[in-house]
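Asks: What follows is a single structure, and I will ask about it in a moment.
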Ligand SMILES: Nc1ncnc2c1ncn2[C@@H]1O[C@H](COP(=O)(O)OP(=O)(O)OP(=O)(O)O)[C@@H](O)[C@H]1O
Ligand SMILES: Nc1ncnc2c1ncn2[C@@H]1O[C@H](COP(=O)(O)OP(=O)(O)OP(=O)(O)O)[C@@H](O)[C@H]1O
Ligand SMILES: [Mg+2]
Ligand SMILES: [Mg+2]
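Residue numbers (my numbering), protein chains in the order written: chain A, 209 to 718; chain B, 4 to 319; chain C, 4 to 319; chain D, 606 to 913.
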């Protein structure tokens, strides 16, 4: 087969950053091509250049031997390229069907053909096995469901080249399987798929070939993925060996730190109770919509409680007030980075110091030196890839934004309970193991840690205990000694018939 | 009980609340529910109502237009002066549409192409256009020579004055455009998430230019009708119109953050504004207290609407 | 060449552009650069300048306050009436501060707790408060009994009238608050992303209430100084102030989308507004053309500033 | 005199867009051309603008100014500001008052009393009611009001006091508060009054100016009241009113009280010039009169007043 998609010497710079430097590689027709690299390596930038959203400073893209010089997203679309971006690009006030048709509504003379609008979408969603009502407003969907809508975009348009930028970062295993099946189908139809991910499992499961980027440069190109090993890829990415990503370290568990009793709220109706001990890392696993994030927000007081109490070291925490929770020692890293995490328009330093600065600002007056010190310390410790601490946070790559949010809470003092919702969403392998190390260290100091994750290997790899949630209630509570993939998945699935079938699939795929 | 609550707090809650308020007013305020008063009421909201149609689009796409009052005055002036000069009402009409459209086009181009904040741009054009209106007429009212021009406002069809029909037609047309056409959906998309719309291939800046141009054209229509009603072009007409129109839209549930709009809501908003004025005058409320009452009604209406959306659990 | 470009388009670009414009005006317009005119100019921007300090916070936190004009008029009235009634200027001052603060507090509580759109809330209080001012005075100006009151505005320190000093102090204090205190940083954070700020432990609704209350208090100060300058409390004073103040802020680079503000920018914005008026009067530009010129200046200033940020490659 | 070229006089008015003030400025300009002095025209809509306008004049090196103040209570402040800038001061149209409401008599003034104009309106209406043979009990009066403006209250009350004195029943006077001072606002407010009192067949209307009364007239037309059942008398006599008279058929706009901007503009400017250039202080108080103009005599009246 010929090289259908070719990148030739692509370079792209931003002020202070060379995001891509002289990147060349090519992909064959009917192939799924993986794209890997550390956070900030330039993967999304490459995808953006391909989508016509950004133009490269130098270099060109060839499709089917023809040089493309499109100027806009539309041109790229005409040329048969469709891109699913890393950040969700949906309009919350429009319905699912409208979002899928956006930019090319069906109809005559500007009047929308409503039967086609909904009908076609309904059919396509059914074909690919996504169970979402096309007439539902996107605002009413959970993040996972929104991600599925994004993915459906790729199928809606009859594209030749489809690029997916970390599509599974907010999907749980069940939805991921739907996506994988879809990708297999598209491959069989002879499309080219460019697939960005930090999950090695997926890369091996899906890809035929692979390119690794590092610091904006091409670090390695593997035309045949069966000829490489995991460890090889990891060292190409991060420049060193990582023997065991999880690196689990057992610890002493102390007295009960966090005690949650009969907690319920508007989006989590069944009351939930659990406790976490000093030094314990408790994992929450479940499918999308299981209600884990809702539980976390209730504990933190981000949403108002309808009943129940939360206490830290025996002292009750005031309901619905994040500042109160922080003062009582509970902090939360939210799952939705863009809407709940970063403060747009502010730089890294300000985003990190936003909460902890009160400890070193007498009478509310800032100490710029101390803030700078703090920022530099955590930029170094978390290896945030940035030209300076004054960089605006929106200009960071997704994974690096996540690290800054982590830095925000690591710099906070007197934290007793750390709740992290999807701690490593969009984070590269190297950074992942660093984050785990930090979690172990914090737990070792007596902190109680709650980790919410949709990645089963991660939950199993790093926690002392797992609580499995299903449809808004706790379905199982399993100690590390009893960890068993089938048992956990079975508990997470709403109906038993499906459960065994899917867990079989899971095991096969690994 | 719960079904009542559902009704009040549902999608059509504002309409229901409005209907209830209307019934109460009709029963308690003497002379309110007479044919004459109803027609008077409707005529008094013609300018606001017509301009609100396109303001809805403007707000829904996350923009803002403060220049509507000036444009209404200016195009009314132009209509009168052009028809006086040429002796043809049609020429006056066309001239007004051209001028109104030009103002809108300039707004749109400056905002979309030069990426200048809409508030500031339209604040600037608001002053510039008002200046033009004053300069053109030397600050004086210009009388209409051809009595045929008055007929635009005085003529009736099925017993209802033409301006009201025009307003109704605008309501229907723009309601259709908003919900059933690519233009309407793209407007909402731009307001809901400009970045996503751009990435989906919607030509955001062209859309914005179109929306502002339409706004200018519609202001011209309102200006012509107003000139016909007051039988002259007045350079000081329609001051403060922008705030009334925006209030009406927001009352009707149009989100200033963009992405949310509905024609029924806007109609209700326009009517609430009109009824409030009408009832205050019917009840003979003193001028100074009218300020207070007007403010309180505005607050109350949005508060009710807010309770509704809070109950609907919408995330803002 | 490139260093010139850098200077113009850098962070302080607006200041540089302003300095150049100032120099040109000073050289070409007769009588402009005299001590008398400079003092007159500064005095003419005292109200706008003072109110702009807190409006900057309001806009930076993604809010909006249209009620400032009414509050200035109302608290000025209150100051005069209370000091006339009690015979003590201090009582008048305190009464004005209480009333101004109360208006701001109400705004803040309604906006932050009941989550009503700031534009609508302050549009409502703008009318309500104006109504209060009119009702309190029966629509007529209230003269000041105690000539000592005039001294607030007439007295000088180092040859410069007190109101100018007050404005300068406000500039310094609020500039410090914005850049060097937790309050300022939190304000900017709220403007950048309110929900993320809330989850990061910023008490968003308290912050908003504080900002509006401060705005009310600052309006009261402006109102007292204004009453003293015009030697009476006038219920119709300061109409349209809100738009001038917001223009000045936006001219000075404060983003209406929240999260961006700088005191130097606001000062420059205020001065541009003042100089434009001053020069137009010095040059004897006709009233109608003043509208056009005012609009054009506004456009030009934002356009220049925009070119600057576009060149700086800022993402909006 | 050779000295004239150095004379600079300011003319500050409260509503620069209003035709009335435009005309005052126009006539003042004529005086400036005749005498060869410089006239600086500044609009100042509120107290704060007045203050900066005076400073501005001082900075330009003017020697005196004439002002129509946005509010008469601004008196002490204006006097103080004028003194601080060493400017001679005259007022036109509205007379400055002290904090206690008494006129400041030191400042030369030319004007008409708002109440007097109102009374002229009232007299015209009463006369016409009698001529048409209406029974006052069957007549309704629309009071197009804009009470936040003191001059407006004085004018309207002046007119109504004459009506009442002539036996017009107080119960037949209806308030139509306009939200703004334009015709549309007056039209909307008056429509409500007419609809509320659908039984009344004959109407009269008074208001702050021609535009307000015009609104009431348009309202009668829109609800189908014939022109001969309406007597609206405005104040001002500028184009809005003239346009009405020029219409081919008579409308309910019966007449207007023309006040002459000529004397107010030309004479005040001239007096100020004399004062500055030759030290001739003007009279402390000059009162002018308004003149009623009707459809058939307005051209003559305008000629008499030196407008046209
Ligand atoms: N608009 C921008 N302005 C400045 N720098 C930018 C901008 N966009 C991206 N960058 C920088 O370019 C580099 C590459 O970013 P990119 O988003 O392509 O990384 P990535 O490989 O997708 O990382 P991740 O795995 O975290 O998503 C980063 O250092 C980032 O900070
Ligand atoms: N914006 C929303 N409006 C209404 N309901 C919502 C919204 N977001 C989530 N829900 C509902 O709340 C419940 C839990 O949502 P969520 O998907 O966040 O759970 P989760 O277990 O944290 O899953 P994940 O984090 O994997 O997405 C689901 O029933 C979901 O449908
Ligand atoms: Mg990326
Ligand atoms: Mg979640």
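Quick reminder that beta carbons are idealized off the backbone N, C-alpha and C, glycines included.
1) Does the distance from the CB of residue 226(A) to the CB of residue 424(A) come in under 7 Å?
2) By DSSP, does residue 406(A) sit in helix, in strand, or in coil?
3) Quick check on residue 569(A) - is its C-beta less than 7 Å from some C-beta in chain C?
4) Could you name the residues of the same chain whose beta carbon sits closer than 6 Å to that of residue 60(C), not counting the 5 residues immediately before and after it, in chain order?
5) If we count the other Cβ atoms within 10 Å of its Cβ and call it buried at 16 or more, is residue 701(A) buried or exposed?
6) Quick one: using the 10 Å Cβ neighbour count with 16 as the cut-off for buried, is residue 116(B) buried or exposed?
7) Nearest to residue 611(A) by CA position, among 672(A), 623(A) and 641(A), is which residue?
8) Considering just the uninterrupted stretch of the alpha helix (DSSP H) at residue 197(C), what are its terminal residues?
9) Name, please, each residue of chain B whose Cβ falls closer than 8 Å to the Cβ of residue 299(A).
10) Could you name the residues of chain A that residue 284(C) contacts, counting a contact when the two beta carbons are closer than 8 Å?
11) Between the Cα of residue 525(A) and the Cα atoms of 558(A), 624(A), 262(A) and 323(A), which residue gives the shortest distance?
12) Shorter than 6 Å, the distance from the beta carbon of residue 377(A) to the closest heavy atom of ligand 3, or not?
13) Cβ of residue 331(A) versus every heavy atom of ligand 3: is any distance shorter than 6 Å?
14) Should residue 355(A) be listed as close to ligand 3, given that the test is whether its C-beta is under 6 Å from any heavy atom?
15) Quick check on this structure: which residue in 49(B), 20(B) and 107(B) has the alpha carbon closest to the alpha carbon of residue 77(B)?
16) Given that residue 186(C) touches chain A, what residues does it touch there, using C-beta distances under 7 Å?
17) Does any CB atom of chain C fall closer than 7 Å to the CB of residue 562(A)?
18) At a Cβ cut of 9 Å, what residues of the stretch 651-671 of chain D count as close to chain C, listed as they run along the chain?
19) Please identify, using Cβ separations under 7 Å, the residues of the stretch 242-266 of chain A that lie next to chain B, in order along the chain.
20) Tell me which residue opens and which closes the alpha helix (DSSP H) that residue 741(D) is part of.
21) Under 7 Å Cβ to Cβ from residue 271(B), same chain only, skipping five residues before and after it: list those, please.
22) Report whether the distance from the Cβ of residue 632(A) to the nearest heavy atom of ligand 1 is below 6 Å.
23) In whole angstroms, what is the alpha-carbon distance linking residue 672(A) and residue 406(A)?
24) Tell me whether the stretch 853-866 of chain D and the stretch 721-736 of chain D touch, counting them as touching only if at least three CB pairs, one residue from each stretch, are closer than 8 Å.
25) Please list, in chain order, the chain A residues whose beta carbon lies closer than 8 Å to that of residue 205(B).
26) Name the two residues that bound the continuous alpha helix (DSSP H) containing residue 675(A).
27) Could you pull the start and end residues of the alpha helix (DSSP H) that residue 153(B) belongs to?
28) Would you list the residues sitting across from residue 627(A) in a DSSP beta bridge?
29) Rounded to the nearest angstrom, what separates residue 745(D) and residue 672(D) at their Cα positions?
30) For residue 293(C), is the beta carbon positioned less than 6 Å from some heavy atom of ligand 3?
31) 7 Å is my cut-off, CB to CB: does residue 256(C) come that close to chain D?
32) Go ahead and label residue 172(C) buried or exposed: buried means 16 or more other beta carbons lie within 10 angstroms of its beta carbon, across all protein chains shown.
33) Short of 8 Å in beta carbon distance, which residues of its chain neighbour residue 316(B), apart from the five on each side in sequence? Order them along the chain.
34) Give the interface partners of residue 753(D) over in chain C, defined as CB-CB distance under 8 Å, in chain order.
35) Would you give the residue range spanned by the alpha helix (DSSP H) that residue 171(A) belongs to?
36) Kindly indicate which residue of 34(C), 44(C), 184(C) and 66(C) has the alpha-carbon position closest to the one of residue 260(C).
Replies: For this structure:
1) Position 18 of the first chain, counting from 1, holds the residue named residue 226(A). Position 216 of the first chain, counting from 1, holds the residue named residue 424(A). Result yes, Cβ atoms of residue 226(A) and residue 424(A) sit closer than 7 Å.
2) Walking along the first chain from the start, residue 406(A) turns up at place 198. Coil, per DSSP.
3) For the purposes of this step, residue 569(A) is taken as residue 361 along the first chain, with counting starting at 1. Taking Cβ atoms only, chain C reaches closer than 7 Å to residue 569(A), which makes this a yes.
4) Taking the first residue of the third chain as position 1, residue 60(C) is located at position 57. Closer than 6 Å at the Cβ level, and outside the excluded window around residue 60(C), lie 190 and 214.
5) Here residue 701(A) is taken as the residue at index 493 of the first chain, counted from 1. Burial call: buried.
6) Counting from one through the second chain, the residue named residue 116(B) turns up at place 113. Exposed, since its Cβ has fewer than 16 Cβ neighbours within 10 Å.
7) Stepping through the first chain from its first residue, residue 611(A) is reached at position 403. The residue with the shortest Cα to Cα distance from residue 611(A) is 641(A).
8) For this step, residue 197(C) is matched to residue 194 along the third chain. Looking at the DSSP string, the run of the alpha helix (DSSP H) that includes residue 197(C) is 197-202.
9) In the first chain, counting from the first residue as 1, residue 299(A) sits at position 91. Correct list: 191, 192, 195, 196, 199, 200 and 262.
10) Stepping through the third chain from its first residue, residue 284(C) is reached at position 281. The contacting residues do not exist; residue 284(C) stays about 38 Å from chain A at best.
11) Here the question's residue 525(A) lines up with position 317 in the first chain. Closest option to residue 525(A), Cα to Cα, is 624(A).
12) Here the question's residue 377(A) lines up with position 169 in the first chain. Incorrect: residue 377(A) has no Cβ contact closer than 6 Å to ligand 3.
13) Looking up residue 331(A) in the first chain gives position 123. Not so, every heavy atom of ligand 3 lies at least 6 Å from the Cβ.
14) Residue numbering aside, residue 355(A) sits at position 147 when the first chain is read from its first letter. False, no ligand heavy atom lies under 6 Å from that Cβ.
15) Locating residue 77(B) in the second chain gives position 74, counting from the first residue. The option with the nearest alpha carbon to residue 77(B) is 107(B).
16) Here residue 186(C) refers to the residue found at position 183 when the third chain is read from its first residue. What residue 186(C) touches in chain A: 572.
17) Reading the first chain from its first residue, position 354 is the one you call residue 562(A). Chain C, which has a Cβ nearer than 7 Å to the Cβ of residue 562(A), makes this yes.
18) 651, 652, 653, 654, 655, 656, 657, 658, 659, 660, 661, 662, 663, 664, 665 and 666
19) 261
20) Stepping through the fourth chain from its first residue, residue 741(D) is reached at position 136. From DSSP, residue 741(D) is part of no alpha helix (DSSP H); its letter is neither H nor E.
21) One-based indexing of the second chain puts residue 271(B) at position 268. Excluding sequence neighbours, residue 271(B) sits near 17, 18, 21 and 255.
22) For the purposes of this step, residue 632(A) is taken as the residue at position 424 of the first chain. Outside the cutoff, so no.
23) Position 464 of the first chain holds residue 672(A). Position 198 of the first chain holds residue 406(A). The alpha-carbon atoms of residue 672(A) and residue 406(A) are separated by roughly 24 Å.
24) yes
25) For the purposes of this step, residue 205(B) is identified with residue 202 of the second chain, where counting begins at 1. Those are 310 and 311, listed as they occur along chain A.
26) Taking the first residue of the first chain as position 1, residue 675(A) is located at position 467. Not the alpha helix (DSSP H): residue 675(A) falls in the beta strand (DSSP E), residues 673-678.
27) Counted from its first residue, the second chain places residue 153(B) at position 150. Per DSSP, residue 153(B) belongs to no alpha helix (DSSP H) and is neither H nor E.
28) In the first chain, counting from the first residue as 1, residue 627(A) sits at position 419. 540(A) and 658(A), per the DSSP bridge assignment.
29) Locating residue 745(D) in the fourth chain gives position 140, counting from the first residue. Locating residue 672(D) in the fourth chain gives position 67, counting from the first residue. Roughly 38 Å separates the two Cα atoms.
30) For the purposes of this step, residue 293(C) is taken as the residue at position 290 of the third chain. It does not: the Cβ of residue 293(C) is nowhere closer than 6 Å to a heavy atom of ligand 3.
31) For the purposes of this step, residue 256(C) is taken as the residue at position 253 of the third chain. No, because no Cβ of chain D sits closer than 7 Å to the Cβ of residue 256(C).
32) Walking along the third chain from the start, residue 172(C) turns up at place 169. It counts as exposed.
33) Locating residue 316(B) in the second chain gives position 313, counting from the first residue. The predicted position of residue 316(B) is uncertain, since its pLDDT is 47 and thus under 50; no value can be drawn from it.
34) Within the fourth chain, the letter at position 148 stands for residue 753(D). 137, 142, 238 and 239, listed in chain order.
35) Because residue 171(A) is not part of the residues shown, which for chain A are 209 to 718, the question remains open.
36) Locating residue 260(C) in the third chain gives position 257, where the first residue counts as 1. Nearest of 34(C), 44(C), 184(C) and 66(C) to residue 260(C), Cα basis: 66(C).
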